[in-house]
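For the sequence shown, the numbering used here gives the first residue as -13, with consecutive numbering after it. For every residue, glycine included, the Cβ atom is placed at its ideal position computed from N, Cα and C.
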Amino acid sequence: MNSKTERRVGLSNVKTLTSLAMFAALAYALMVVGRFPIVLFLKYDPKDFVLVICSFMFGIIPATIVTAIVSVIEMVTVSDTGLIGLLMNVVATLAFLIPASYFFYKSKSVKNVVVGLIASTLLMTVVMLLWNWVVTPFYMHVPRSEVVKLLVPAILPFNLIKGFLNSALIAFFYSRILKIKSNVLAQNIEPQEHALRNSLIAAVGLIVLALILYAII
């Protein structure tokens, strides 16, 4: 690899890391200021919308790492649910992110993306119903029968509405997402499906940016 190629690769990596940091900061900011109640005590925020776009731009692996980092920062700054809340955030986001990204990379047609978003919403809803049924009784120290009473009137509609809102945002911005994606490829910032090392290097920067943002907000 000659020096010119090395400089190009280096710039590409820097742009990728910077972009991932921006996605993390934006997802965190929207989580902090954009949340509002939907059903009972359950609140929606548009964080997952940003993380799905991140996966469209750079691939599932970097988006998964950004998801984990943002969830950790959320846990240590604004959340009081501890590790269980952290795991729940990661599981819920990935249940929505992975199907949408899979269908996006399979075909970027509007029809295929819509199918992916429907699959994402359904998978997230089922996963979170199971999560609450299995985990919440141990976490909240309540009988499972009490949790079951909330599954249909609260947990089910909340996740369906959450999936619908995220899907609507993605659909609304989809043409712009494709335009940005084409610009990313034109600048030789390849989707980083195997960029685990580079994404981990970005972790420190992401944490610092998010904590600064939290202090400002």
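* To do: Could you have a look at residue 181 and say whether DSSP puts it in helix, strand or coil?
  => To locate residue 181, count along the sequence shown from 1; it is residue 195. Because the pLDDT at residue 181 is just 42, under 50, the model does not fix this residue reliably, and the value given afterwards should be weighed accordingly. Note: residue 181 maps to coil in three-state DSSP.
* Taking DSSP as the reference, what is the three-state secondary structure of residue 121? -> The residue you call residue 121 lines up with position 135 of the sequence shown. Here DSSP, grouped into helix, strand and coil, assigns residue 121 to coil.
* Bridge partner(s) assigned by DSSP for residue 165 -> The count along the sequence shown starts at 1 and reaches residue 165 at position 179. DSSP, once it has assigned bridges, lists no residue as partnering residue 165.
* Distance, residue 46 Cα to residue 63 Cα -> Locating residue 63 in the sequence shown gives position 77, counting from the first residue. Locating residue 46 in the sequence shown gives position 60, counting from the first residue. Rounded to the nearest whole angstrom, the C-alpha separation of residue 63 and residue 46 is 25 Å.
* Hey, quick one: how far does the beta strand (DSSP E) through residue 25 stretch, first residue to last? -> As a working note, residue 25 is residue 39 in the sequence shown. For residue 25, the enclosing beta strand (DSSP E) begins and ends at 22 to 25.
* Given residue 65, which residues of its chain have a CB within under 7 Å of its CB, disregarding the five upstream and five downstream residues? -> For the purposes of this step, residue 65 is taken as residue 79 along the sequence shown, with counting starting at 1. Only 71 meet the Cβ criterion.
* Asked: Is residue 94 helix, strand or coil when you go by DSSP?
  -> Looking up residue 94 in the sequence shown gives position 108. Reduced to three states, the DSSP call for residue 94 is coil.
* residue 137 at chain B interface by Cβ criterion, 7 Å -> Of the chains in the structure shown, none is chain B; there is only one protein chain.
* Option nearest residue 8 by Cα separation, candidates 31, 40, 83 and 130 -> Start at 1 with the first residue of the sequence shown, and residue 8 comes out as number 22. Of 31, 40, 83 and 130, the residue nearest in Cα terms is 40.
* Asked: For the alpha helix (DSSP H) that contains residue 137, what are its first and last residues?
  -> To locate residue 137, count along the sequence shown from 1; it is residue 151. It is not in any alpha helix (DSSP H) - residue 137 carries neither H nor E in the DSSP assignment.
* Where residue 162 and residue 84 are concerned, what is the direct C-alpha to C-alpha distance, given to the nearest angstrom? -> If you number the sequence shown from 1, residue 162 lands on position 176. If you number the sequence shown from 1, residue 84 lands on position 98. If you take the alpha carbons of residue 162 and residue 84, they lie about 21 Å apart.
* To do: Report yes or no: do three or more beta-carbon pairs, one from the region 140 to 148 and one from the region 10 to 19, lie closer than 8 Å?
  => When Cβ pairs closer than 8 Å are counted between the two stretches, the region 140 to 148 is seen not to touch the region 10 to 19, the count staying below three.
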